[in-house]
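Notes for the one structure printed next.
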Amino acid sequence: MTATRVLVLNSGSSSVKYQLLDMRDSSRLAVGLVERIGEETSRLKHTPLTGGGAESREREEPMADHEAALRAVADELAADGLGLDSPELAAIGHRVVHGGLKFTEPTVIDDAVLKEIERLVPVAPLHNPANITGIRTAQALRPDLPQVAVFDTAFHTTMPESAARYALDVKTADEHRVRRYGFHGTSHAYVSRKTAQLLGKAPEDVNVIVLHLGNGASASAVRGGRCVDTSMGLTPLEGLVMGTRSGDMDPAVIFHLARVGGMSIDEIDILLNKKSGLIGLCGDNDMREIRRRIDAGDQEAALAFEIYIHRLKKYIGAYYAVLGRVDAVAFTAGVGENAAPVREAAVVGLEELGLAVDGALNSVRSDEARLISPEYARVAVAVVPTDEELEIADQTYALVSDRNA
Ligand code: ADP
């Protein structure tokens with residue numbers, strides 16, 4: 019029997035998201051999520067998708083660590099006849115946030131690879147440790163199975179030095195590996211490729227600006243299928259205004275808050291990553307709630323929205339200049355896929371650049387990739403739902419099938 023299933027694991031510090039896919043037709047066999055790992059109130063929500071209906075099962079019981087969580091996931095999968103011991107399971111694909119400069123491709127994990135991911139913990143202290151725990155636990159459950167790391171940074175490793183380097187003293191920057199790495203790469207790769215497909219062209223022939231607007235948000239400039247610039251930097255803090263992150267700021271704000279405001283570095287870190295962006299500006303980070311407040315006449319929410327859009331427009335303009343010629347602007351992730359007012363506001367006034375949105379097309383709700391620009395527009399504006407799990411599964415499966423071929 020050929021093994022055609024891939025389990026995708028996205029391990030966070032206190033959560034694990036998973037999907038089991040059948041790569042013959044890219045269908046989902048099961049999806050689920052474990053939250054609050056390490057707390058008394060850990061919760062597993064598992065949805066098998068094989069039996070026609072999608073009846074979820076929930077378990078609420080203490081899961082002390084990632085190993086307990088993954089064992090519970092394995093039990094749930096086994097109860098549906100999809101156990102991790104199945105010979106049909108070809109590989110486990112792990113989302114790994116930071117791959118530094120070394121990992122430009124999905125990589126089969128061995129001891130040396132795991133060591134290198136560990137070496138990157140200082141530049142990704144919030145993310146890589148959880149990813150490593152997920153990998154080790156999955157290895158313990160299925161030591162014989164190929165485990166593949168798919169890096170959030172990989173797609174951005176094609177950025178030229180002119181975009182990737184900060185204008186910092188080179189020796190200091192290199193010593194501490196300070197440079198722009200970019201994140202959400204799996205999504206930017208998937209969406210830029212899908213956008214080319216939507217235009218009926220090969221990825222090599224199109225230039226795309228991808229706007230990944232979720233709770234975290236980033237933009238990228240993709241020339242002929244290769245990333246040439248992206249808005250996140252050493253960490254995911256740089257760039258766009260996000261749900262809870264400030265994005266771009268004068269770095270001297272940090273000195274000021276430390277010297278004049280008496281804040282510690284950790285306090286400033288939390289302020290900029292967790293208490294800024296939309297939530298810092300208006301107390302809400304959910305775009306649905308912000309739009310509701312604007313509709314009710316709330317000035318604070320309206321200003322937060324304007325600041326969000328102003329930054330987004332600046333990046334569209336900047337990446338237009340970086341690319342020279344733009345074939346499409348693609349909106350994706352929670353806000354990009356669902357918030358028509360964001361898409362409209364981001365493009366309004368850019369007609370001279372060939373950008374426009376058709377009101378009727380923009381207001382259609384759909385899960386499909388679609389164009390929302392009018393026929394006459396020189397640049398296509400698209401909504402392209404992202405699918406990071408499918409991209410991770412595809413990359414993982416391609417790698418292990420190649421190895422077995
Ligand atoms: P992440 O993966 O970064 O957590 P998502 O891509 O799932 O985020 O996006 C989550 C965000 O999407 C929410 O915070 C919310 O602001 C936004 N969102 C989801 N649905 C809608 C909607 N119908 N209208 C506007 N915004 C939405």
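Numbering-wise (the numbering used here), the sequence shown opens with residue 19 and increments by one. The beta-carbon is built from N, C-alpha and C at its ideal position, and this holds for glycine as well.
Bridge partner(s) assigned by DSSP for residue i
i: HIS112; result: LEU27, ALA167
i: TYR36; result: LEU27, GLY50
i: PHE349; result: LEU229, VAL401
i: SER45; result: ASP40
i: ASN379; result: Reading the sequence as shown, one finds Leu at residue 379 and not Asn. Answer is none; LEU379 lacks a bridge partner.
i: GLU388; result: As written in the sequence, residue 388 is Arg, which differs from the Glu given in the question. According to DSSP, ARG388 bridges with VAL401.
i: LEU107; result: ARG23
Residues near residue i in its chain [Cβ-Cβ closer than 6 Å; skip 5 each side]
i: THR125; result: VAL131, ALA167
i: VAL418; result: ALA108, ALA109, PRO164
i: GLY203; result: ASP170, THR171, ALA172, PHE173, HIS174
i: HIS64; result: GLY50, ARG75, GLU94
i: ARG197; result: ALA182, ARG183
i: THR68; result: LEU47
i: ASN225; result: ARG241, LEU341, ARG343, VAL344, ASP345
i: ARG42; result: THR22
i: LEU62; result: VAL52, ARG77, ALA90
i: SER60; result: ARG54, PRO80, MET81
i: GLY101; result: LEU95
Close Cβ partners of residue i (< 7 Å) along its chain, the five nearest in sequence each way excluded
i: ASP83; result: ILE55, GLY56
i: ASP425; result: Beyond the ends of the chain as shown, which are 19 and 423, falls residue 425; an answer cannot be given.
i: ALA395; result: GLY372, LEU373, ALA374
i: VAL139; result: ASN146, PRO147
i: ASP385; result: PRO403
i: THR151; result: SER29, HIS84
i: ILE410; result: VAL26, GLY111, ARG113, VAL168, THR204
i: ASP98; result: ALA48, PRO66, THR68
Reduced DSSP category for residue i - H, G, I as helix; E, B as strand; rest coil
i: ARG75; result: strand
i: TYR394; result: coil
i: ASN233; result: coil
i: ASN356; result: helix
i: THR122; result: coil
i: VAL131; result: helix
i: ALA239; result: strand
i: HIS64; result: strand
i: THR22; result: coil
i: THR151; result: helix
i: THR248; result: strand
i: LEU186; result: coil
i: LEU289; result: helix
i: LEU275; result: helix
i: PRO221; result: helix
i: MET281; result: coil
i: ASN146; result: helix
i: GLU57; result: coil
i: TYR326; result: helix
i: ASP162; result: coil
i: HIS174; result: helix
i: SER264; result: coil
i: THR414; result: helix
i: MET81; result: coil
i: GLU256; result: coil
i: GLY203; result: helix
i: ARG8; result: Beyond the ends of the chain as shown, which are 19 and 423, falls residue 8; an answer cannot be given.
i: PRO10; result: No statement about residue 10 is possible, as the shown extent of the chain runs from 19 to 423 and does not include it.
i: SER419; result: helix
i: ALA374; result: coil
i: LEU299; result: helix
i: LEU216; result: helix
i: ASP192; result: helix
i: ARG361; result: helix
i: ARG197; result: coil
Neighbourhood of residue i by C-beta, 8 Å cutoff - its chain only, sequence neighbours within 5 removed
i: SER381; result: ALA358
i: ALA425; result: Outside the modelled stretch of the chain, which goes from 19 to 423, sits residue 425, for which no answer is possible.
i: TYR338; result: ILE227, VAL344, LEU371
i: PRO308; result: Checking the sequence, you will find Ile at residue 308 rather than Pro. LEU296, CYS300, ASP302, ALA319, ALA322, PHE323.
i: ARG361; result: PHE349, GLY354, VAL375, ASN380, ILE390, VAL399, VAL401
i: THR262; result: ASN233, ASN291, LYS292, LYS293, SER294, GLY295, LEU296, ILE297, GLY298, ASN303
Practice task
Determine, using beta-carbon pairs with one atom in the region 276-293 and one in the region 220-230, whether at least three such pairs fall under 8 Å.
Solution key: The region 276-293 vs the region 220-230: no contact.
Handout entry: Touch test, the region 397-409 against the region 209-222, Cβ-Cβ under 8 Å, three pairs minimum
Key = As far as the Cβ criterion goes, the region 397-409 touches the region 209-222, which means the pair count is three or higher.
Handout entry: Lining residues of the ligand ADP - beta-carbon closer than 5 Å to any non-hydrogen atom, in sequence order
Key = So the residues near the ligand ADP by this Cβ test are GLY232, ASN233, GLY234, ASP304, MET305, ARG306, ALA351, GLY352, VAL353, ASN356, ALA357.
Exercise for the section: Would you be able to state if there are at least three C-beta pairs under 8 Å between the region 307-314 and the region 347-354? Expected result: In short, these stretches do not touch, since the Cβ pair count stays below three.
Handout entry: At least 3 beta-carbon pairs within less than 8 Å: the region 377-391 vs the region 251-262
Key = Short answer: they don't touch.
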